[in-house]
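Peer 1:
Chains as they are written, first to last, in this note's numbering: chain L, 1 to 279; chain B, 280 to 558.
1. Thinking C-alpha only, which one of B:375, B:312, B:399, B:437 is nearest residue 345 of chain B?
2. Of the residues that make up the segment 523–535 of chain B, which ones have a beta carbon closer than 7 Å to any beta carbon in chain L?
3. Output, in chain order, the set of chain B residues within a Cβ distance shorter than 8 Å of residue 194 of chain L.
4. Is residue 365 of chain B close to chain L? Criterion is C-beta to C-beta, closer than 8 Å.
5. For chain B, is any of its Cβ atoms less than 8 Å away from the one on residue 122 of chain L?
6. Quick one: grab the DSSP three-state call for residue 14 of chain L.
7. Could you tell me the distance, in whole angstroms, from the CA atom of residue 125 of chain L to the CA atom of residue 374 of chain B?
8. Indicate whether at least one CB of chain L lies closer than 8 Å to the CB of residue 466 of chain B.
9. Report all residues from its chain with a CB closer than 6 Å to the CB of residue 162 of chain L; omit the five preceding and five following residues, and keep chain order.
10. If you measure between the beta carbons of residue 188 of chain L and residue 92 of chain L, is that distance less than 8 Å?
11. Is there a Cβ from chain B that is less than 8 Å from the Cβ of residue 126 of chain L?
12. Just the C-alpha distance for residue 299 of chain B and residue 410 of chain B, rounded to the nearest angstrom, thanks.
13. Smallest Cα separation from residue 252 of chain L: which of L:279, L:197, L:209, L:181?
14. Under the three-state reduction of DSSP, which class applies to residue 1 of chain L: helix, strand or coil?
15. Taking Cβ-Cβ distances shorter than 7 Å, what residues in chain L pair up with residue 476 of chain B?
16. Of all the CB atoms in chain L, is at least one closer than 8 Å to the CB of residue 397 of chain B?
17. Residue 389 of chain B touches chain L at which residues, Cβ-Cβ below 7 Å?
18. According to DSSP, is residue 46 of chain L part of a helix, a strand, or is it coil?
19. Considering only residues of the segment 179–260 of chain L, which uninterrupted alpha helix (DSSP H) runs meet the minimum length of 4 residues and lie entirely inside it, listed in chain order?
20. For the segment 466–476 of chain B against the segment 520–537 of chain B, are there 3 or more C-beta pairs whose distance is under 8 Å?
21. Name the chain B residues whose beta carbon is nearer than 9 Å to that of residue 82 of chain L?
22. Between which residues of its own chain and residue 296 of chain B is the CB-CB distance below 6 Å, once the five residues before and five after are set aside?
23. Can you pull the chain L residues whose beta carbon is under 7 Å from the beta carbon of residue 296 of chain B, in chain order?
24. Which residues of chain L have a Cβ atom closer than 9 Å to the Cβ of residue 361 of chain B, listed in chain order?
25. Beta-carbon of residue 257 of chain L versus every beta-carbon of chain B: anything under 8 Å?
26. Counting C-beta neighbours from all protein chains within 10 Å, is the total for residue 492 of chain B 16 or more, i.e. buried, or is it exposed?
27. Terminal residues of the continuous beta strand (DSSP E) containing residue 55 of chain L?
28. Could you give the distance in angstroms between the alpha-carbon of residue 72 of chain L and the alpha-carbon of residue 111 of chain L?
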């Protein structure tokens with residue numbers, strides 16, 4: 001099927017947001033795209049029909065469903081060059097307000113699905129001795145915000161596993177990049193991509209204030225999803241891609257502030273930190 | 280009651296947790312200590328003092344956690360300081376570890392701590408005081424640990440939610456500190472605290488090398504003195520303005536410093552790309 005120098009992409013959560021913008025741009029450029037969504041009809045509706053497009057209905061909480069999707073991608077296009085773990089959703093609420101179920105579900109999609117996709121594609125990538133895994137975290141995966149503790153935990157986890165994975169698969173010629181976007185003008189802040197605690201506790205006023213601020217941002221986010229798609233495509237062409245990439249001037253600023261804050265903590269408490277070694 | 284504090288410590292039958300219990304009891308504090316096995320606790324800590332409450336608790340079971348917290352309140356009347364110390368290491372490439380091996384590490388290292396926090400917070404909010412220490416690891420900020428992808432993901436998650444937690448409980452007079460120890464000379468790398476994959480894959484040479492290095496070179500040569508590490512935590516609990524990030528050990532300090540510098544320089548190197556995506 002595939003006989004050009006165009007790459008084969010495998011993208012999760014592709015029916016909207018950054019995933020959808022990326023799929024459209026890739027098809028326009030002549031790349032091959034396998035895209036997953038909970039509902040393949042919504043994918044086809046969003047993207048249309050295209051010979052280089054393989055829409056896949058996948059339940060990302062089911063490893064069988066994921067490995068079938070990877071198999072049919074390889075069967076259709078012969079290989080997988082770039083994997084984008086994009087599926088995910090926001091979960092707001094104080095830790096005390098969120099139930100075990102709410103916490104577990106967000107980890108299922110934001111963390112464990114990403115792990116299952118990595119496990120499913122790695123044998124193919126190792127066989128090829130090539131590939132690029134791009135995991136979409138968030139600026140919240142580097143600098144946590146009030147009212148988003150569990151979301152931050154999932155996105156920090158994605159950063160952590162990506163940093164280690166980058167080292168572990170280097171010997172196979174495989175690259176890993178974790179992308180930490182700021183706010184992009186997608187449907188992310190609307191109700192289908194962002195949920196908040198079912199049982200809020202009125203005491204948590206700072207959490208409510210923080211959520212209200214995010215709500216007013218909807219529709220005026222700084223980030224252009226089409227420009228993000230261009231960055232992803234350039235990233236996949238780069239022979240030396242970065243392990244971490246912040247996207248958006250808001251993400252850049254927040255990351256920069258966080259580094260300074262952490263460096264300050266390190267200096268302020270240095271005497272305590274280095275006091276614990278055996279002499 | 281005296282000016283002595285009530286501490287609640289998970290995973291107290293060995294390692295830093297055990298040292299912490301012993302030092303606190305020697306100082307006359309009240310200590311509720313949990314472990315999967317009450318027998319292990321009683322064997323490790325043989326004391327007849329009424330200041331010590333050994334509790335058998337299954338940290339992944341929210342009901343069991345709730346019961347342990349209730350017993351502590353019933354016995355000592357309050358909880359001043361919580362140390363989420365229970366956790367274990369997992370060393371294997373992402374591809375090698377099964378979904379259940381990965382999830383179990385999250386169950387204990389992440390969801391277990393969240394269970395304790397959610398069960399304790401109603402009491403701390405009522406008191407309008409308290410200090411929550413979450414034991415992460417230098418691997419919760421730095422991903423340069425080959426083969427520790429899942430473990431680092433769990434510890435990054437702990438770092439992330441602690442940062443958000445600190446801001447959401449601050450209005451209630453409650454502090455949160457994430458502790459990021461380097462290598463401490465405990466049984467962490469030897470006695471059942473470091474698990475490896477049931478189904479290793481031959482190809483992952485760097486992962487096996489990391490395992491060999493940790494089990495044969497680092498174990499029992501760790502630079503960190505557990506007694507001094509624990510003393511630093513006890514001292515931090517006395518601070519009026521405690522650190523959000525407490526790195527422990529000169530190795531931890533050096534790695535954190537170099538990671539912060541690396542992120543800083545990457546931020547500059549990729550700035551043009553990062554800020555190119557705004558509308």
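Just so it is clear, CB atoms sit at the ideal spot from N, CA and C, and this is done for glycine as well.
Peer 2: Reading it off the structure:
1. B:399
2. 523, 524, 525, 526, 527, 528, 529, 531, 532, 535
3. Under a criterion of Cβ atoms nearer than 8 Å, no residue of chain B is adjacent to residue 194 of chain L; the nearest Cβ is some 16 Å distant.
4. no
5. yes
6. coil
7. 11 Å
8. no
9. 135, 176, 178
10. no
11. yes
12. 15 Å
13. L:181
14. In this prediction, residue 1 of chain L has a pLDDT of 49, which is less than 50 and means its spatial position is unreliable; what the coordinates show is noted afterwards. The answer is coil: DSSP assigns residue 1 of chain L none of H, G, I, E or B.
15. Simply none; closest approach about 12 Å.
16. yes
17. Listed by position along chain L, the residues whose Cβ is nearer than 7 Å to that of residue 389 of chain B are 153.
18. helix
19. With a minimum length of 4 residues, the continuous alpha helix (DSSP H) runs that stay inside the segment 179–260 of chain L are 205–217, 225–237.
20. no
21. Those within 9 Å of residue 82 of chain L in chain B number zero; the least Cβ separation is about 17 Å.
22. 288, 290, 364
23. The contacting residues do not exist; residue 296 of chain B stays about 16 Å from chain L at best.
24. Within chain L, no residue comes near residue 361 of chain B; the closest Cβ sits about 13 Å away, beyond 9 Å.
25. no
26. Under this definition residue 492 of chain B is an exposed residue.
27. Start and end: 53–57.
28. Between residue 72 of chain L and residue 111 of chain L, the C-alpha separation is close to 23 Å.
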